[in-house]
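These notes are about the structure you will find just below.
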Amino acid sequence: KQEVTQIPAALSVPEGENLVLNCSFTDSAIYNLQWFRQDPGKGLTSLLLIQSSQREQTSGRLNASLDKSSGRSTLYIAASQPGDSATYLCAVTPSNAGGTSYGKLTFGQGTILTVHP
Amino acid sequence: DAGITQSPRHKVTETGTPVTLRCHQTENHRYMYWYRQDPGHGLRLIHYSYGVKDTDKGEVSDGYSVSRSKTEDFLLTLESATSSQTSVYFCAIRPEVGGEQFFGPGTRLTVL
Numbered sequence: 013k014q015e016v017t018q019i020p021a022a023l024s025v026p027e028g029e030n031l032v033l034n035c036s037f038t039d040s041a042i043y044n045l046q047w048f049r050q051d052p053g054k055g056l057t058s059l060l061l062i063q064s065s066q067r068e069q070t071s072g073r074l075n076a077s078l079d080k081s082s083g084r085s086t087l088y089i090a091a092s093q094p095g096d097s098a099t100y101l102c103a104v105t106p107s108n109a110g111g112t113s114y115g116k117l118t119f120g121q122g123t124i125l126t127v128h129p
Numbered sequence: 038d039a040g041i042t043q044s045p046r047h048k049v050t051e052t053g054t055p056v057t058l059r060c061h062q063t064e065n066h067r068y069m070y071w072y073r074q075d076p077g078h079g080l081r082l083i084h085y086s087y088g089v090k091d092t093d094k095g096e097v098s099d100g101y102s103v104s105r106s107k108t109e110d111f112l113l114t115l116e117s118a119t120s121s122q123t124s125v126y127f128c129a130i131r132p133e134v135g136g137e138q139f140f141g142p143g144t145r146l147t148v149l
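If you're matching them up, the sequences are chains W and U in order. Take 13 as the starting number for the first sequence in this note's numbering and just add one per residue. Take 38 as the starting number for the second sequence in this note's numbering and just add one per residue.
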């Protein structure tokens, strides 16, 4: 059974810092990995999707890397801002035997990020 | 934002009553999913659909059933609600190509 772990569980940083959120998974037979952001009481917003054949993806101040063989992904946030405060979730989907996927996401517990002015 | 809505957004019901939650999409995506989110357990997959009338179970499917008679609608039914089904329910959609999932706003269900 796939297990996804996110470290740290919570992180508090001053505005302007660069920070790294970590995600690890136990089964390397993944189809893709997705990072989400969730604000309190809200739904999930997709931040970045990394296919299993890719090593990294970038969107603005966000950069996500994937090392499938070691079962790790990191989300790098540059020049953090108070508006980045949220819960960040990592999720993986398994590959089928034919190399496709039904997209059944397994989530980590999330990292609660607080960026203070 | 992806065109995905959920109804109702909030519901309070009593133990033993049937409840149906609706997910509606305007993107014509093939795949649709129901997840629940609970403190201490995170998000877990209940059921998913890979086409009209094609559905399968997820990790926590006991006590839930689903139906998909049209591409745009995916219904989640609790035949007889229990207090353990108090949760926030999220619907998600995914296109055939690419694999990125998009989530709806959620339904907060309270079973008394």
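Glycine included, every Cβ here is placed at the ideal spot set by N, Cα and C. The model shown is predicted, which means the values in this text are computed figures rather than measured ones.
In this structure, DSSP gives U:Gly79 an extended state, which the three-state scheme calls strand. Look at the beta carbons and you see the segment 42 to 55 of chain U not touching the segment 101 to 117 of chain W: under three pairs across the two are nearer than 8 Å.
Closest by C-alpha distance to W:Ile62, out of W:Thr70, W:Tyr100, W:Ser82, is W:Thr70.
Contact between the segment 51 to 66 of chain U and the segment 45 to 52 of chain W is absent: fewer than three C-beta pairs spanning the two stretches fall below 8 Å.
Exclusion of the five residues before and after U:Thr114 leaves Thr57, Ser102 as the residues of its chain whose Cβ lies within less than 6 Å of its Cβ. In the displayed model, W:Ser36 falls within a strand according to three-state DSSP.
A straight line joining the alpha-carbon of U:Trp71 with that of U:Phe127 spans about 6 Å.
In the DSSP assignment, U:Pro55 is bridged to no other residue.
Below the 8 Å Cβ cutoff, chain U contributes Tyr68, Tyr70, Tyr85, Arg131, Gly136, Gln138 as neighbours of W:Gly115, in chain order. DSSP places W:Pro106 within a strand segment (E or B) once states are collapsed to three.
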